[in-house]
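What follows is a short report on a single structure.
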Amino acid sequence: WNQFLENIGYGMGPLIAGIFISIFGQDYKISAVIITIFVIPGIILWTLSRNWYTQDKERIRIILSERAKILNSRNKN
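In the numbering used here, the protein residues as written are 15 to 91.
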């Protein structure tokens with residue numbers, strides 16, 4: 015399933031670029047500017063998510079270790 019989604023993602027970039035180029039009558043410059051405008055928020059969001067990743071990873075590790083202790087105590091009883 016994951017590989018399927020990756021293949022769709024790889025195909026979406028050229029498809030979107032081709033649509034913009036067709037809409038704007040083979041004007042690559044306008045298409046590049048519009049695509050760049052869409053990319054900039056993505057870059058900002060990925061940068062912010064990298065800051066939260068380590069905190070979230072630690073929280074998840076703590077939650078999973080607590081759940082593992084609960085499951086181990088249930089299995090012993």
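The C-beta atom is built at its ideal place from N, Cα and C for all residues, glycine as well.
Item                                                                                                : Value
Cβ-Cβ separation, tyrosine 24 to isoleucine 35 (assumed contact under 8 Å), whole Å                 : With a Cβ gap of about 18 Å, isoleucine 35 and tyrosine 24 do not count as contacting.
Per-residue DSSP class, three states only, for phenylalanine 38                                     : coil
Same chain, Cβ closer than 6 Å to phenylalanine 38, neighbours up to 5 away in sequence not counted : Ile44 and Ser45
Integer Cβ distance of alanine 31 from isoleucine 58, believed to fall under 8 Å                    : About 21 Å; that fails the 8 Å criterion.
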